[in-house]
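In my numbering, the protein residues as written are 1166 to 1236.
Even for Gly, the Cβ is constructed at its ideal location relative to N, Cα and C.
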Amino acid sequence: MRKALKEQTHGMTVFIVSQRASAVQRADRILVLDDGNLVGSGTHANLLKTCDVYREICLSQLSREEVEETL
């Protein structure tokens, strides 16, 4: 699905709303909301380093190795 989405939307702005870290980790920019408040914005790698909420979501959904190889 990700491959098809990437091919069909090349050069376009696309908004993806997801609770799954794996669905957004390759995005150019990720916005992290907590209780309706924006608590982080950036790339997957940047947010793992700077946003506790995003890091906790990733650690609960991805393997520790997947998270640590990004850091």
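Beta-bridge partners assigned by DSSP to S1206: L1196. Looking only at L1224, L1198, G1205, the smallest Cα-Cα distance to T1215 is reached by G1205. Excluding five sequence positions before and after A1210, the CB atoms of its chain that fall closer than 8 Å to its own CB belong to T1235, L1236, given in chain order. Where C1216 is concerned, there is no enclosing alpha helix (DSSP H), because DSSP gives it neither an H nor an E.
Contact annotation, G1207 with R1194: C-beta distance approximately 7 Å; criterion of less than 8 Å satisfied. Residue nearest to S1228 within the set N1202, A1186, L1203 is A1186 (criterion: CA-CA distance). Classified as buried, V1189 has 16 or more neighbouring CB atoms from the shown chains inside 10 Å of its CB.
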